[in-house]
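Down below is the structure, laid out as structure tokens.
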Amino acid sequence: MSDTTTPVASHTITLDFPIKRGATEIKEITVNRPKALQLMGLSMRDLMGTQVSAYLELLPRVTLPPLIEQEIQELEAPDVAEIVGVMRDFFMTKAEQAMFQTLIEDRLSKA
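1 is the number of the first residue of the sequence shown in the numbering used here; add one for each residue after it.
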């Protein structure tokens with residue numbers, strides 16, 4: 001494992017329950033790693049603790065296509081869980097990433 005972990009700039013998520021926007025269906029969204037300005041007004045403690053409301057507030061700032069509040073409020077639970085899990089990765093420190101990688105490698109070696 002390398003100690004020069006390159007942070008992921010975005011994740012593309014395939015929704016289990018596509019979003020209907022007029023005549024179109026949004027089946028995939030790209031979630032970009034937030035920058036400081038996009039985090040303004042949010043609590044890092046809430047984000048690090050995976051407080052769903054904090055992530056739902058952040059979503060319109062970091063998604064492509066940009067999701068609107070009503071679309072976010074109507075997301076199904078499995079999609080919310082997937083999105084929050086992916087977004088949580090953006091807030092992992094290098095030490096957390098290394099621990100997580102070690103855990104995965106350990107589990108795979110025992111499989």
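Every residue, glycine too, gets a C-beta built ideally from N, C-alpha and C. None of these values were measured; they are calculated from a predicted model.
Compute the Euclidean distance between the alpha carbons of residue 38 and residue 89, then round it to the nearest angstrom.
Each residue's Cα considered, the two are about 16 Å apart.
On the CB-based measure, 16 or more other CB atoms within 10 Å of its CB, does residue 68 come out buried or exposed?
So residue 68 counts as exposed.
Would you mind reading off the limits of the beta strand (DSSP E) that contains residue 26?
That run of the beta strand (DSSP E) goes 24–32.
So, at 7 Å on beta carbons, what are the nonlocal neighbours of residue 16 in its own chain, with the 5 sequence-adjacent residues on each side left out?
Counting only Cβ-Cβ distances below 7 Å, and skipping sequence neighbours, we find 76, 78, 79.
Using a Cβ distance threshold of 8 Å, determine whether the stretch 49–68 contacts the stretch 21–34, with at least three qualifying pairs required.
Short answer: they touch.
For residue 55, tell me which candidate among 101, 91, 97 has the shortest Cα-Cα distance.
Closest option to residue 55, Cα to Cα, is 91.
Indicate the three-state DSSP secondary structure (helix, strand or coil) for residue 12 in the structure shown.
DSSP places residue 12 in strand when its eight states are reduced to three.
Check the DSSP bridge columns for residue 20 and list the partner residues they point to.
BP columns for residue 20 point to 25.
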